[in-house]
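Comments concern the structure below.
Residue numbers (my numbering): 1 to 196.
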């Protein structure tokens, strides 16, 4: 019997020995591979058009494909070298993985926060609807929700800046706005009367 001591604490992820196999001298490959997955590296592909924008220290939102797993981290390394075959660079994000959510080798999608700006009024994109060619937000009034035309500013995939039409602090419908639009349309039809 020989005692094998691991150089790090972790989990055995590969086993290259079978029971009863003799090991003498220096084996050609390690008998076991031990990995610590308390933290994982997320390797992001950076395309040429984005190379000038991606930097160490930027915040990144990472989401796993086909699961609800997501986390926020920061870029801690951007390769100086561009891969010849793909013309892409590599950026690395280190994520805590103490609960084992992230599995090495799984595919992820990431959003890098390139810049941050202040805006007086910002709504989720789901709050916007188009009524009679105008972009509106459904604002809460004593009589219910009414569509109010708004002027849009900057936007990303999730949020939109409102330049005018909605004041900070006003209550509005952030979700299910299509239902409000449909109910409003039905109400207009009911009040239109019948022509014979």
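Glycine is no exception: its CB is placed at the ideal position from the N, C-alpha and C atoms.
Next on the checklist: For residue 41, count the other beta carbons within 10 Å of its own beta carbon; 16 or more makes it buried, fewer makes it exposed. Which is it?
Outcome noted: Taking a 10 Å sphere around the C-beta of residue 41, we find fewer than 16 other C-beta atoms and assign the residue as exposed.
Checklist entry - When the Cα atoms are used, what is the spatial distance from residue 145 to residue 184? => result 9 Å
Item to check | Cut-off 8 Å between Cβ atoms - residues of its own chain near residue 7, not counting five sequence neighbours on either side | outcome: Same-chain partners within the cutoff: 34.
Checklist entry - Is there at least one non-hydrogen atom of the ligand ATP closer than 7 Å to the beta-carbon of residue 67? => result Looking for the ligand ATP in the displayed structure turns up nothing, as the structure carries no ligands at all.
Item to check | residue 154, enclosing beta strand (DSSP E) - first and last residue | outcome: 151-155
Item to check | Beta-carbon separation (whole angstroms), residue 112 vs residue 159, contact threshold 8 Å | outcome: Actually they do not touch by this definition, with Cβ atoms about 16 Å apart.
Checklist entry - Just reading off the beta strand (DSSP E) that residue 168 is part of, what are its end residues? => result Counting along the chain, residue 168 falls outside any beta strand (DSSP E), and DSSP gives it neither H nor E.
Item to check | Counted within 10 angstroms of its Cβ, other Cβ atoms place residue 169 as buried (16 or more) or exposed | outcome: exposed
Checklist entry - Do you know offhand how far residue 114's Cα is from residue 4's? => result 47 Å
Item to check | Candidates 143, 52, 104 and 163: closest to residue 11 by CA position | outcome: 104
Checklist entry - How many whole angstroms separate the CB atoms of residue 46 and residue 95, which I take to be in contact at a CB cut-off of 8 Å? => result That belief does not hold up - the Cβ atoms of residue 46 and residue 95 are roughly 18 Å apart, past 8 Å.
Next on the checklist: Less than 6 Å between C-beta atoms, sequence neighbours within five positions excluded: which residues of the same chain meet that for residue 13?
Outcome noted: 33 and 35
Item to check | Terminal residues of the beta strand (DSSP E) in which residue 12 lies | outcome: 11-15
Checklist entry - Is it a yes or a no for the stretch 125-143 touching the stretch 72-81, going by three-plus beta-carbon pairs under 8 Å? => result No, the stretch 125-143 does not touch the stretch 72-81.
Checklist entry - In the structure shown, what three-state DSSP assignment does residue 105 receive? => result coil
Checklist entry - Measuring CB to CB, does residue 149 end up less than 8 Å from residue 129? => result no
Checklist entry - Any idea what DSSP makes of residue 39, helix, strand or coil? => result strand
Checklist entry - Since residue 44 and residue 93 are thought to touch, with beta carbons under 8 Å apart, how far apart are those beta carbons, to the nearest angstrom? => result 7 Å
Item to check | Chain-order list of residues whose beta-carbon lies under 6 Å from that of residue 48 (same chain, five-residue window excluded) | outcome: 87
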